[in-house]
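As given, the protein sequences belong to chains A and B, one line each in that order. For the first sequence, the residue numbers in our numbering are 35 to 222. For the second sequence, the residue numbers in our numbering are 544 to 942. See below for the structure under consideration.
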Amino acid sequence: MYVPVVNLGGQYNHLICRMLTELGARSELISTSLTLPDLEERGARGLVLGGSPQSMPGDLDKLGNLPHLIGEVKVPVLGICLGHQFLGVYFGGVVQKAERPEFGPARVYVDIQDDIFQGVGCSFVAWLSHNDELVRLPAELEVLAHSRRCRIEAMKHRSRPIYGVQFHPEVVHTQLGALIFKNFLKMC
Amino acid sequence: MSAFEAGTFVEKQVNEIRTLLGYEQALIACSGGVDSTTCAVLTHRAIGKRLVCVFIDTGFMRLGEPDRVVKTLGAEPLNLPIRLVDMRARFLKALAGLGDAEEKRKAFRGMFYDVFKEIAIKERCRFLVQGTIAPDWIETKGGIKTQHNVLEQIGISAKERYGFSLIEPLAYLYKDQVREVARYLKVPPEISERQPFPGPGLSVRVVGAVTEKKLETLKKASQIVEEELERLGPQQYFAVVLDDEDEEFDKVDRLVAVASGGLKVSKRGLKIRVLKGRATGVKGDVRAYGMVCAVTALTAEGSLYKPSLNVLTSTQVELVSGVSGFTRVVYRISDEERKGKFLVVARAIRTRDFMTADPANINWDALSRVSKRVMDECPDVSSVYYDVTSKPPATIEFE
């Protein structure tokens, strides 16, 4: 199963490939310039958007073909950190500078034990690294998890297989990160 | 990318190196660490005697390290054709007078490649093999910190500037995977399991300006921290030395309030210093060169308060999140505090791949032993602290 990672320049993007590979998928970093026909030709069954030093919505125009791609893509999508913020903004949500940014460990509370959090339980310790955060979602997205400092730690699209997490399930310090990727791969 | 298996990896790399080099000679920069040694053994397997192994003594190595490394690499079972090149004076001169972490790292990198350019010309080598691994290029490319062994990934052509092409067989591996390869290649455990040591050596642990006196204090303190913490099993453990000087900061009251809440200690029992030395961090994928918050907490009786690591790390999270500008929180572990030029910080971390890390849970007996020995054996040191910052927001090294 081929599940590429869109390289947005974040520190852990390559670790996402490592995680997916260890779970039996085939993965690689791909550029933001890739189009839907490119992805279909390579047989992508899912798509992961990594983190980035960029900021939303100011850097939207630096994401190449990605906004266009998200409009068309049919396979499941998982956005991580900036990838999550980008998805929120793409569908009409609002990103702001976090009042209390999170670096390192924080406890994440699961609000909806949805498919992506299957088997994770009601809370877990995740690692984060973000100066900005999503503060408002449009009606088509719903919140799946929160922390003490951040209201929208995870979200999903109500009718498409599109997910976002503010924390980093790909780093070894996040508890049950592999389980979250396994749940995602099951959908792909 | 497919699932990692050491045997397959070795076979593929040996073939690739052979194809690439043909009958050419190659030079390799050996530090005695797991990355470069693994690389040397791989390349030695591929081209045998046509490999020239060089260990540069930069002067920023630990006590006794150059001799120890050359002996280990040259002896059974590795038998690498290793030679030592003494460049202490040149490296010290290149770094003299620099205080900014990135300037120091870039000066080190410049001298490192200048030296290898000279050796490559002398040895008629057109290839340089290096043990660059994934975090090296990820952090350099991401602008977090300049690693001494990364050029091509940031658009510098080694061929144009230094006259040799680079071969980096381990570029997509993380430390735990390199160790698997090392064990597969029968590299002795003293190297395959060795804790990482930064490319620029102790120069990045002498925080701020490098002086001989500061370096000398650091060498002694490093030895003590390594001796005392090794058997407790953290993935990396070392000392850093900072100037014992404070920075003016107008929100100390705020730091005291947050620390008091986190540690559950009265504000009267707290002393918070903001140090002049700065430390590298990473916040939201962006480099942060931030301040160091040094916390002392005393009990109602006036003795040093010794809470659990959990309490210390959660207080660190509150401090960094609540007051902007900090990349480090260090907590005093020496009972006494005296007048002295330098302050020593011990750091020990737990990690798998060095991309994220948390402070190792070292018991207070060991912390007290470390601080007592440093105070006894390093007369210029005023006090000793333990680094309680995770990565992020800190990086593992201070610079």
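Heads up, the beta-carbon is just placed ideally off N, CA and C, and yes, glycines get one too.
Fill in: Beta-carbon proximity of Q209 of chain A to F158 of chain A, cut-off 8 Å
Along the first sequence, one-based indexing puts residue 209 of chain A at 175. Along the first sequence, one-based indexing puts residue 158 of chain A at 124. Remark: C-beta atoms of Q209 of chain A and F158 of chain A approach each other more closely than 8 Å.
Practice prompt. Could you tell me whether any Cβ in chain A is nearer than 8 Å to the Cβ of V584 of chain B?
Written response: Walking along the second sequence from the start, residue 584 of chain B turns up at place 41. False, the Cβ-Cβ gap to chain A never drops below 8 Å.
Fill in: alpha helix (DSSP H) runs wholly inside the segment 756 to 822 of chain B, at least 4 long, in chain order
795 to 806
Worksheet item: Checking contacts by CB at 8 Å: is S746 of chain B closer than that to chain A?
Response: Start at 1 with the first residue of the second sequence, and residue 746 of chain B comes out as number 203. Taking 8 Å as the CB threshold, S746 of chain B stays off the interface with chain A.
Worksheet item: What is the rounded straight-line gap between the Cα of F603 of chain B and the Cα of V750 of chain B?
Response: Within the second sequence, the letter at position 60 stands for residue 603 of chain B. Within the second sequence, the letter at position 207 stands for residue 750 of chain B. In this structure, the straight-line span from the alpha carbon of F603 of chain B to that of V750 of chain B is close to 13 Å.
Worksheet item: So, using beta-carbon positions, are L938 of chain B and K688 of chain B closer together than 8 Å?
Response: Position 395 of the second sequence holds residue 938 of chain B. Position 145 of the second sequence holds residue 688 of chain B. Correcting the residue identity first, residue 938 of chain B is Thr in this sequence and not Leu. Cβ distance < 8 Å, so T938 of chain B and K688 of chain B count as in contact.
Discussion item. If contact is defined by three or more beta carbon pairs under 8 Å, each pair taking one atom from either stretch, is the segment 892 to 902 of chain B in contact with the segment 773 to 780 of chain B?
Written reply: yes
Discussion item. Using only the alpha-carbon positions, how far apart do M221 of chain A and E75 of chain A sit?
Written reply: As a position in the first sequence, residue 221 of chain A is number 187, starting the count at 1. As a position in the first sequence, residue 75 of chain A is number 41, starting the count at 1. Approximately 20 Å, taken between the alpha carbons.
Practice prompt. Apply the 10 Å Cβ neighbour rule to C156 of chain A and answer buried if 16 or more other Cβ atoms are within range, or exposed otherwise.
Written response: Counting from 1 along the first sequence, the entry for residue 156 of chain A is found at position 122. Exposed.
Worksheet item: According to the neighbour-count rule (16 or more other Cβ atoms, all chains shown, within 10 Å of its Cβ), is T586 of chain B buried or exposed?
Response: On the second sequence, position 43 is the one that residue 586 of chain B refers to. Its Cβ being crowded by 16 or more others within 10 Å, T586 of chain B is buried.
Worksheet item: Beta-carbon of E174 of chain A versus every beta-carbon of chain B: anything under 8 Å?
Response: As a working mapping, residue 174 of chain A is identified with position 140 in the first sequence. So no, E174 of chain A is outside the interface.
Item to complete: For M834 of chain B, decide whether its Cβ has a neighbour in chain A, counting only Cβ atoms nearer than 8 Å.
Response: Position 291 of the second sequence, counted from the start, is the residue given in the question as residue 834 of chain B. Not one chain A Cβ lies under 8 Å of M834 of chain B.
Discussion item. Using beta carbons (cut-off 8 Å, strictly below), is S864 of chain B in contact with chain A?
Written reply: Indexing the second sequence from 1 puts residue 864 of chain B at position 321. So, interface residue.
Worksheet item: How would you label H102 of chain A, buried or exposed, when you count the other beta carbons within 10 angstroms and need 16 or more for buried?
Response: If you number the first sequence from 1, residue 102 of chain A lands on position 68. Exposed, since its Cβ has fewer than 16 Cβ neighbours within 10 Å.
Practice prompt. Mind checking which residues open and close the beta strand (DSSP E) that includes R626 of chain B?
Written response: Sequence index remark: in the second sequence, residue 626 of chain B carries index 83 (1-based). Looking at the DSSP string, the run of the beta strand (DSSP E) that includes R626 of chain B is I625 to D629.
Worksheet item: Can you tell which of A:H191, A:V82, A:V111 and A:A78 has its C-alpha closest to the C-alpha of G126 of chain A?
Response: The residue given as residue 126 of chain A occupies position 92 in the first sequence. By alpha-carbon distance to G126 of chain A, the top candidate from A:H191, A:V82, A:V111 and A:A78 is A:H191.
Worksheet item: Which one of A:M90, A:L97, A:V107 and A:P91 has the shortest CA to CA distance from A78 of chain A?
Response: On the first sequence, position 44 is the one that residue 78 of chain A refers to. Minimum Cα distance to A78 of chain A is reached at A:V107.
Worksheet item: Per DSSP, K614 of chain B is paired with what?
Response: By 1-based counting over the second sequence, the position of residue 614 of chain B is 71. Its beta-bridge partners do not exist; DSSP assigns none.
Worksheet entry | Which of helix, strand or coil DSSP assigns to Q859 of chain B | In the second sequence, the residue the question calls residue 859 of chain B occupies position 316. Q859 of chain B falls in the helix class under three-state DSSP.
Item to complete: List the endpoints of the continuous alpha helix (DSSP H) containing L694 of chain B.
Response: As a working note, residue 694 of chain B is residue 151 in the second sequence. That residue, L694 of chain B, is in no alpha helix (DSSP H); it is neither H nor E in DSSP.
Worksheet item: Are at least three pairs of beta-carbons, each pair with one atom in the segment 135 to 151 of chain A and one in the segment 926 to 940 of chain B, less than 8 Å apart?
Response: yes
Discussion item. Below 8 Å on the Cβ atoms is my contact criterion, and I expect L616 of chain B with G575 of chain B to pass it. Report the Cβ-Cβ distance as a whole number of Å.
Written reply: What you label residue 616 of chain B is simply residue 73 of the second sequence in a count that begins at 1. What you label residue 575 of chain B is simply residue 32 of the second sequence in a count that begins at 1. Taking the Cβ atoms as the reference, L616 of chain B lies roughly 7 Å from G575 of chain B, within the contact range of under 8 Å.
Worksheet item: Are at least three pairs of beta-carbons, each pair with one atom in the segment 908 to 922 of chain B and one in the segment 106 to 122 of chain A, less than 8 Å apart?
Response: They do not touch, by the three-pair rule.
Worksheet item: Buried or exposed: R667 of chain B, going by 16 or more other Cβ atoms within 10 Å of its Cβ?
Response: Sequence index remark: in the second sequence, residue 667 of chain B carries index 124 (1-based). Its Cβ having fewer than 16 others within 10 Å, R667 of chain B is exposed.
Worksheet item: At least one CB of chain B closer than 8 Å to the CB of Y143 of chain A: is that the case?
Response: For the purposes of this step, residue 143 of chain A is taken as the residue at position 109 of the first sequence. Not closer than 8 Å to any Cβ of chain B, the Cβ of Y143 of chain A fails to qualify, so no.
Discussion item. Relative to the C-alpha of V835 of chain B, which candidate in B:G550, B:E791, B:K807 and B:G607 has its C-alpha closest?
Written reply: To locate residue 835 of chain B, count along the second sequence from 1; it is residue 292. Nearest option by C-alpha distance: B:E791.
Discussion item. By the three-class DSSP mapping on this structure, what secondary structure does H202 of chain A have?
Written reply: Locating residue 202 of chain A in the first sequence gives position 168, where the first residue counts as 1. Residue state, collapsed to three classes: coil.
Discussion item. How far does the beta strand (DSSP E) with V177 of chain A in it extend, from its first residue to its last?
Written reply: Position 143 of the first sequence holds residue 177 of chain A. Here the beta strand (DSSP E) through V177 of chain A covers L175 to S181.
Worksheet item: What is the rounded straight-line gap between the Cα of V917 of chain B and the Cα of T839 of chain B?
Response: Numbered from 1 along the second sequence, position 374 holds the residue referred to as residue 917 of chain B. Numbered from 1 along the second sequence, position 296 holds the residue referred to as residue 839 of chain B. Those two C-alpha atoms are separated by around 18 Å.
Worksheet entry | A677 of chain B at chain A interface by Cβ criterion, 8 Å | Here residue 677 of chain B corresponds to residue number 134 of the second sequence, with the count starting at 1. Closer than 8 Å to some Cβ of chain A, the Cβ of A677 of chain B qualifies, so yes.
Item to complete: State yes or no: is the beta carbon of G827 of chain B nearer than 8 Å to at least one beta carbon in chain A?
Response: Position 284 of the second sequence, counting from 1, holds the residue named residue 827 of chain B. Output row for G827 of chain B: interface = yes.
Fill in: DSSP-derived helix/strand/coil call for E167 of chain A
Residue mapping note: residue 167 of chain A aligns to position 133 of the first sequence, counting from 1. Note: E167 of chain A maps to strand in three-state DSSP.
Practice prompt. Compile a chain-ordered list of the residues in the segment 139 to 172 of chain A whose CB is closer than 9 Å to at least one CB of chain B.
Written response: Result list: P139, A140, W161, L162, S163, H164, N165 and D166.
Worksheet item: So, is the C-beta of S933 of chain B closer than 8 Å to a C-beta in chain A?
Response: Stepping through the second sequence from its first residue, residue 933 of chain B is reached at position 390. So yes, S933 of chain B belongs to the interface.
Fill in: Cβ-Cβ separation, A837 of chain B to L818 of chain B (assumed contact under 8 Å), whole Å
Mapped onto the second sequence, residue 818 of chain B falls at position 275. Mapped onto the second sequence, residue 837 of chain B falls at position 294. With a Cβ gap of about 6 Å, L818 of chain B and A837 of chain B count as contacting.
Discussion item. So V948 of chain B contacts chain A; which residues on that side make the cut at Cβ distance below 9 Å?
Written reply: What the structure shows of chain B is the stretch from 544 to 942, and residue 948 of chain B is not part of that stretch, so it cannot be assessed.
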